[in-house]
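Participant:
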Amino acid sequence: MKYSYMMMGALCAVCAGLFPACQKAEPVDVVEPVQQPQAYVSLESVARLLSSLPLQQEQMREVHHAVSASAGNGYDEEYRMKDLFSIPGSGVGDDASTKAESYARPLRELLREAVLSTKASESESEAWLDSLSSSDVQIYWPFSEDWQGEGLPVVTFDPGDGATRNEGYALRPDGSVEKLMVDEQLAAERPVWVVNRNTDADYKSLELRRREDPSWGSGGGDILITKASKTCKTLVLRSFRANRQFDSWLSGGAEVVVRMGSVEDFRASTEAEMRLYQPSITDFMIVVRRKQVGETLPFNAVLVSEWTSQLENCAFMMVEDDGGTRTTWKCNAVVKYNSKSYGFEVEIPLNSRDDIIWRGSLSRGFIERYNGQECHFGDVDLVLELI
Numbered sequence: 030m031k032y033s034y035m036m037m038g039a040l041c042a043v044c045a046g047l048f049p050a051c052q053k054a055e056p057v058d059v060v061e062p063v064q065q066p067q068a069y070v071s072l073e074s075v076a077r078l079l080s081s082l083p084l085q086q087e088q089m090r091e092v093h094h095a096v097s098a099s100a101g102n103g104y105d106e107e108y109r110m111k112d113l114f115s116i117p118g119s120g121v122g123d124d125a126s127t128k129a130e131s132y133a134r135p136l137r138e139l140l141r142e143a144v145l146s147t148k149a150s151e152s153e154s155e156a157w158l159d160s161l162s163s164s165d166v167q168i169y170w171p172f173s174e175d176w177q178g179e180g181l182p183v184v185t186f187d188p189g190d191g192a193t194r195n196e197g198y199a200l201r202p203d204g205s206v207e208k209l210m211v212d213e214q215l216a217a218e219r220p221v222w223v224v225n226r227n228t229d230a231d232y233k234s235l236e237l238r239r240r241e242d243p244s245w246g247s248g249g250g251d252i253l254i255t256k257a258s259k260t261c262k263t264l265v266l267r268s269f270r271a272n273r274q275f276d277s278w279l280s281g282g283a284e285v286v287v288r289m290g291s292v293e294d295f296r297a298s299t300e301a302e303m304r305l306y307q308p309s310i311t312d313f314m315i316v317v318r319r320k321q322v323g324e325t326l327p328f329n330a331v332l333v334s335e336w337t338s339q340l341e342n343c344a345f346m347m348v349e350d351d352g353g354t355r356t357t358w359k360c361n362a363v364v365k366y367n368s369k370s371y372g373f374e375v376e377i378p379l380n381s382r383d384d385i386i387w388r389g390s391l392s393r394g395f396i397e398r399y400n401g402q403e404c405h406f407g408d409v410d411l412v413l414e415l416i
């Protein structure tokens with residue numbers, strides 16, 4: 030899935046060596062410790078390794094528990110190797126205090142036994158396992174909610190070229206492995222584990238934000254968001270619908286990052302007061318899973334908590350996060366003071382490989398004209414409401 034801030038794509042809205050001097054000395058031979066680069070773990074090698082394991086229903090339940098926990102925390106159906114080795118059965122978003130289920134033979138033990146039997150030495154085996162456990166590799170199990178508790182998986186991997194099908198390895202009860210081509214239709218019909226890379230764990234999902242702060246809303250259509258005052262409104266993202274998937278299914282669902290920058294609670298009455306205000310940025314991630322494409326998802330997430338009559342427009346951006354080099358998008362949030370409009374420059378985080386779904390300026394007039402109505406923004410439909 031595309032990463033490494035519900036499980037479809039990203040939505041962004043924006044309203045806003047120091048060397049000490051030393052005396053000359055005789056040259057001294059200094060032996061610098063050689064930093065060994067961390068071994069690169071290929072997705073194909075991990076997929077082949079998983080297909081060689083003597084999996085039983087206990088390991089299937091472990092993976093299912095982990096991907097279900099991730100989904101419940103607002104992420105994709107994923108099981109990171111970091112969690113697999115540290116807290117078996119835990120999902121993305123579970124904290125260190127989360128008590129995962131206990132397993133007699135967790136999957137990490139099967140992996141360790143297999144690697145120890147194939148590498149030239151124990152030290153080489155341990156080094157490879159350390160690289161795997163600290164990598165961004167994960168197991169992605171699409172349509173895991175349909176699993177009935179029986180059957181072994183077909184294991185494949187994301188080749189990273191946008192392909193919609195790839196070679197997979199079907200595990201048989203007798204221990205043999207069958208090679209076959211895997212596509213999304215097969216993944217919907219039987220258990221398929223896709224080995225790919227995690228790109229969303231560094232973002233805090235909307236679900237986790239809601240748990241930490243009730244002001245983010247609890248979801249559903251009946252939530253009541255209290256206004257800050259009679260002279261101040263709140264801009265809310267009522268609902269979100271993605272009309273297509275942005276990546277190959279082998280990459281997972283879409284991580285849509287939402288960032289909105291604005292000058293909140295702007296009430297300046299003098300130029301001196303105006304200089305005290307700085308733009309703020311709302312930033313959260315919506316994960317859209319494969320089954321949620323085309324489905325209207327209620328969010329009721331606050332984008333601008335205090336939109337005063339002086340706030341004229343905001344910059345709005347939605348992106349599907351694909352990682353890359355961190356850059357910024359410079360834009361303005363406009364406020365009105367003494368009958369004149371003034372712009373506050375805002376720099377919105379953006380990654381070089383992100384797919385930009387939509388970005389631009391949203392005026393107060395536009396938001397009020399289409400208040401509470403569904404509007405089309407690229408491949409995403411939104412309902413924005415000033416209340």
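Under my numbering, the sequence shown has 212 at position 183, and the numbering climbs by one with no breaks.
By construction, the Cβ of each residue, glycine as well, lies at the ideal position given by its N, Cα and C atoms.
Compare the Cα-Cα distances from Y198 to each of A216, L161, G189, W336 and report the closest residue.
Facilitator: The residue with the shortest Cα to Cα distance from Y198 is A216.
Participant: Residues in the same chain with beta-carbon distance under 8 Å from R202, minus the five sequence neighbours each way, listed in chain order, please.
Facilitator: Note that residue 202 corresponds to Pro in the displayed sequence, not to Arg. The answer, listed in chain order, is L181.
Participant: Is A17 helix, strand or coil by DSSP?
Facilitator: Outside the displayed span of the chain (30 to 416) sits residue 17, for which this structure offers no information.
Participant: Spatial neighbours of T6 within its chain, please: C-beta separation below 6 Å, excluding the five flanking residues on both sides.
Facilitator: The structure shown does not extend to residue 6, since the chain spans only 30 to 416, so no value can be given for it.
Participant: By DSSP, does K111 sit in helix, in strand, or in coil?
Facilitator: Of the three classes helix, strand and coil, the one that applies to K111 here is helix, per DSSP.
Participant: Does Y69 pass the burial test, meaning 16 or more other C-beta atoms within 10 Å, or should it be called exposed?
Facilitator: Label assigned to Y69: exposed.
Participant: Could you give the distance in angstroms between the alpha-carbon of Q167 and the alpha-carbon of M110?
Facilitator: C-alpha separation (whole angstroms): 5 Å.
Participant: Can you give me the Cβ contacts of P135 inside the same chain, cut-off strictly under 7 Å, excluding the 5 residues immediately before and after it?
Facilitator: Excluding sequence neighbours, P135 sits near E91, P117.
Participant: By DSSP's criteria, T337 is part of a beta bridge. Which residues make up the other side?
Facilitator: For T337, which the question treats as bridged, DSSP gives the partners C261.
Participant: Which two residues bound the contiguous beta strand (DSSP E) that contains F406?
Facilitator: Looking at the DSSP string, the run of the beta strand (DSSP E) that includes F406 is 403-406.
Participant: State yes or no: is the C-beta of R319 within less than 8 Å of the C-beta of P171?
Facilitator: Going by C-beta atoms, R319 is nearer than 8 Å to P171.
Participant: Assuming A156 is part of the alpha helix (DSSP H), what are its boundary residues?
Facilitator: From DSSP, the alpha helix (DSSP H) with A156 extends over 151-162.
Participant: Can you name the start and end residues of the beta strand (DSSP E) that L200 belongs to?
Facilitator: Start and end: 194-200.
Participant: For L47, collect the residues of the same chain with a Cβ closer than 8 Å to its Cβ; drop the 5 residues on either side in sequence, then sort them by chain order.
Facilitator: Any reading at L47 must be qualified, since the residue scores a pLDDT of 29, below 50, and its modelled position is unreliable; the value itself is stated next. Excluding positions up to five away in sequence, the list is empty.
Participant: Nearest to V285 by CA position, among N342, V409, S338, is which residue?
Facilitator: Per the Cα distances, V409.
Participant: Taking only the alpha-carbon atoms, compute the straight-line gap between M35 and G103 and give it to the nearest angstrom.
Facilitator: Low confidence applies to M35: its pLDDT is 39, below 50, so where it sits in the model is not reliable enough to give any reading.
Participant: Take D105 as the anchor and find which of W278, D242, G178 has the nearest alpha-carbon.
Facilitator: Closest by alpha carbon: W278.
Participant: Would you kindly check if the distance between the Cβ of F406 and the Cβ of E349 is under 8 Å?
Facilitator: No.
Participant: How is V70 classed by DSSP in three states: helix, strand or coil?
Facilitator: The answer is coil: DSSP assigns V70 none of H, G, I, E or B.
Participant: Grouping DSSP H, G and I as helix and E and B as strand, with all else coil, what is Q274?
Facilitator: Here Q274 sits in coil by DSSP.
Participant: Out of E138, A98, Y132, R137, state which residue places its alpha-carbon closest to the alpha-carbon of S119.
Facilitator: It is A98 whose Cα lies nearest to the Cα of S119.
Participant: Give a yes or no on whether the C-beta atoms belonging to L235 and F328 are separated by under 8 Å.
Facilitator: Yes, the pair counts as a contact, with Cβ atoms nearer than the cut-off.
Participant: According to DSSP, is R134 part of a helix, a strand, or is it coil?
Facilitator: Residue state, collapsed to three classes: coil.
Participant: Closest by CA to L237, which one among N272, T193, F313, S164?
Facilitator: Nearest option by C-alpha distance: F313.
Participant: I need the straight-line Cα distance from Q214 to V206, nearest angstrom please.
Facilitator: Roughly 20 Å separates the two Cα atoms.
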